[in-house]
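So the working numbering is basically just the index in the sequence shown, starting at one, shifted up by 2.
Note that beta-carbon positions come from the ideal geometry of N, C-alpha and C, so glycine has one too.
In this text the structure is predicted, and so the values were computed from the model without any measurement.
Here's the structure we're looking at; comments come further down.
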Amino acid sequence: MLKLLKFQRNSWFGPEMLLLSAIVLLVEFVRGAMLISFLPIYGEKQLGLSLDIIGIAITAHYLTDTGLKLMIGYLLDRFSVRFVVHLGLLICLAGVILLGYAGIPILFIAASAIYGIGISPVWIVCLTKVTEEHRATQMGYLYTLWFIGLGAGPVVCNMLLDFNPLFTFYLLVALSLLAWLLALLINNKTLRKVQQIPFKEQVAILKEKLKQMKLLLPGMILQTTGASMLVPILPSFADKQLGITNTQYSFILMAGGLCTVLGLMPMGRLADRLGGKKWFLVIGFSLFAITVYMLTLKPPIWECIVLAAILGLSYATLLPAWNALLASYVPPSQQGLGWGVFSTIEGVGVMIGPVLGGMLASANGETSVVLISAILFGIIGLFYLWFPFRAFEGQQR
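So this is what it looks like as structure tokens:
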């Protein structure tokens, strides 16, 4: 018994990480279900909202989520960890409940924004709980849970929406309630402080980073815009243009996600072995563009599943090379701030995309959005064909 207790104390997988794991899994499951499936499908079919309103609502979520992340360090310095997470998840629960009854556009957008406020603190607090001696293991484990939750949420939600939309809503409410209750068990011990940098210094560093990476900015914003344009319209496109049920749409999502997971490691190793980023990005984005365009030709369900698998492999091809390219711009001494800058810039496209996609779909139909997204990815592929990789290789290290 003493040996067992000693193992539990020394193990990275202790009670605190188990608790955080459960909260992260629940939160990301609901988040994936809400943004990718519930808001577009329930909002259109059950609440009768237009796609442009749904797009604005998704953007409102990302705006509040990103905005509050900038304040988390301030909040954690002044309030307890338990209070910040518990209050955040309570607000999150309120947003989920409100979304189910928000038939008025402004209320639907406000509820989505409230949901963004509530969900924001969880990841930052997870970082404060990670121990230095087990940092890589714990972070890898948390990111795995993030991917599982974010991927499983829309798959399960789509299947349940075919069965009973109201039951799906109550399930998401129940899972959000469970996450909030679990947050009561979080202790207030902070293992890692959130680093605070004076605002003027942050602005100066941000300006310098933007100068260094100005050639990357168009591609960064375009690719996240092209992808996020599809979020509010894909379920409607699948239903109206492809004749696909929500359950069939879940199989398509599974095919894409599975091929992404299976392809990431081999493609990452291949990129390391060949020592280049250019052709992985060019091929990945070009293949992505062609595959998305193929969807506009209204293929049958089996072809859609094949195309989704190709999309997953395309993403697995470009992601390791893309991360390696970004890493070459991040000095070792400024890892946190450097990656924060990149996330903020990519977030601009995530905020623009849903609004643009929803408005275009309302004006010209869902197919026009898919076609424009394909064109954007094609342009990005050409952009990286031109991009002077050798001139910037390792310059910022």
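Report the option in the options whose CA atom is closest to the CA atom of residue i.
i, options, result
"Leu217", "Phe31, Val32, Arg33, Phe389", "Phe389"
"Gly155", "Gln48, Gly259, Met361", "Gly259"
"Ala240", "Ser178, Ile38, Leu27", "Ile38"
"Asn189", "Leu95, Gly97, Phe81, Trp281", "Phe81"
"Ser316", "Leu272, Val233, Leu219, Cys261", "Cys261"
"Ala176", "Ile108, Phe290, Val98, Leu109", "Val98"
"Ala229", "Arg271, Ala273, Val263, Gly380", "Gly380"
"Pro107", "Ile121, Thr298, Gly383, Ile58", "Ile58"
"Tyr386", "Ala323, Tyr172, Asp164", "Ala323"
"Leu147", "Leu92, Ile25, Gly314", "Ile25"
"Trp304", "Met73, Leu27, Gly245", "Gly245"
"Pro1", "Leu22, Ala318, Ala257, Pro302", "The structure shown does not extend to residue 1, since the chain is modelled only from 3 to 399, so the question has no answer here."
"Leu187", "Ile374, Val83, Ile347", "Val83"
"Leu22", "Leu65, Leu109, His88", "His88"
"Leu27", "Phe149, Glu46, Ala96", "Phe149"
"Ala257", "Pro17, Gly314, Val352", "Gly314"
"Gly270", "Leu109, Leu320, Trp281", "Leu320"
"Leu180", "Glu18, Val32, Phe282, Arg275", "Val32"
"Val352", "Val263, Pro17, Tyr64, Met73", "Tyr64"
"Arg275", "Ala326, Lys213, Val263", "Ala326"
"Leu450", "Asn366, Ala185, Phe282", "Residue coverage of the chain in this structure runs from 3 to 399, which leaves residue 450 outside it and unanswerable."
What three-state label does DSSP hand residue i in the structure shown?
i, result
"Asn12", "A caution first: Asn12 carries a pLDDT of 44, below 50, which makes its placement in the model unreliable, though a value can still be read off. Helix at Asn12."
"Leu384", "helix"
"Ala181", "helix"
"Ala154", "helix"
"Asn366", "helix"
"Gln48", "coil"
"Val233", "coil"
"Lys213", "helix"
"Pro302", "coil"
"Phe169", "helix"
"Ile58", "helix"
"Met73", "coil"
"Ile43", "helix"
"Ile188", "coil"
"Phe389", "coil"
"Arg194", "Note that Arg194 has pLDDT 48, beneath the 50 cutoff, so the model's placement of it is unreliable and the number below is only indicative. Arg194: coil per DSSP, three-state reduction."
Would you mind giving the Cβ-Cβ distance between residue i and residue j, rounded to the nearest angstrom? I have them listed as a contact below 8 angstroms.
i, j, result
"Phe40", "Leu174", "7 angstroms"
"Leu100", "Ala113", "4 angstroms"
"Gly50", "Gly105", "7 angstroms"
"Gly69", "Pro123", "Incorrect: roughly 12 angstroms between the Cβ atoms, too far for contact."
"Ile56", "Gly265", "Incorrect: roughly 31 angstroms between the Cβ atoms, too far for contact."
"Thr293", "Leu309", "5 angstroms"
"Leu373", "Thr298", "5 angstroms"
"Ile312", "Leu219", "Not confirmed; about 28 angstroms, so no contact."
"Leu77", "Val86", "5 angstroms"
Cutting at 6 angstroms between CB atoms, please list the residues of its own chain near residue i, excluding the five before and the five after it.
i, result
"Cys306", "Ile254"
"Tyr62", "Per the sequence shown, residue 62 should be read as Ala rather than Tyr. Within the same chain, Ala62 has close Cβ partners Ile111, Ser114, Ala115."
"Gln10", "Any reading at Gln10 needs caution, since the residue's pLDDT is 42, under 50, leaving its predicted position unreliable; the model's value is listed next. Same-chain partners within the cutoff: there are none."
"Leu378", "Leu224, Gly228"
"Leu152", "Glu30, Gly34"
"Phe290", "Ser316, Phe379"
"Val371", "Met231, Ile235, Gly359, Leu362, Ala363"
"Tyr295", "Ala376"
"Ile354", "Thr227"
"Gly102", "Phe171"
"Leu163", "Ile43, Thr170, Asn248"
From what residue to what residue does the alpha helix (DSSP H) around residue i run?
i, result
"Gly286", "280-297"
"Met2", "Coverage of the chain is limited to positions 3 through 399, which leaves residue 2 absent and any answer about it impossible."
"Thr247", "Taken as a continuous stretch (DSSP letters only), Thr247 belongs to no alpha helix (DSSP H), as it is neither H nor E."
"Leu101", "83-101"
"Ala104", "Per DSSP, Ala104 belongs to no alpha helix (DSSP H) and is neither H nor E."
"Ile223", "219-230"
Leaving out five residues on either side along the sequence, give the residues of the same chain with a beta carbon under 7 angstroms from the beta carbon of residue i.
i, result
"Gln243", "Lys300, Glu368, Thr369"
"Ile60", "Leu37, Leu41, Ser114, Val233, Pro234, Pro356"
"Pro167", "Tyr44, Gln48"
"Val350", "Ile223"
"Cys94", "Tyr117, Gly120, Ile121, Ser178"
"Gly383", "Val284, Phe287, Ser288, Ala291"
"Val157", "Ser252, Leu255, Met256"
Grab me the residues of residue i's own chain with a C-beta within less than 8 angstroms of its C-beta, minus the 5 sequence neighbours each way, in chain order.
i, result
"Asn160", "Ser39, Ile43, Pro237, Asn248, Thr249, Tyr251, Ser252, Leu255"
"Ser364", "Ser52, Leu53, Asp54"
"Ala96", "Ile116, Gly120"
"Gly221", "Ile382, Phe385, Tyr386, Phe389"
Using beta carbons (cut-off 7 angstroms, strictly below), is residue i in contact with chain B?
i, result
"Phe287", "The structure shown contains no chain B, having only a single protein chain."
For the ligand MN, is there a heavy atom less than 6 angstroms away from the beta-carbon of residue i?
i, result
"Gly367", "You won't find the ligand MN in this model; it holds no ligand whatsoever."
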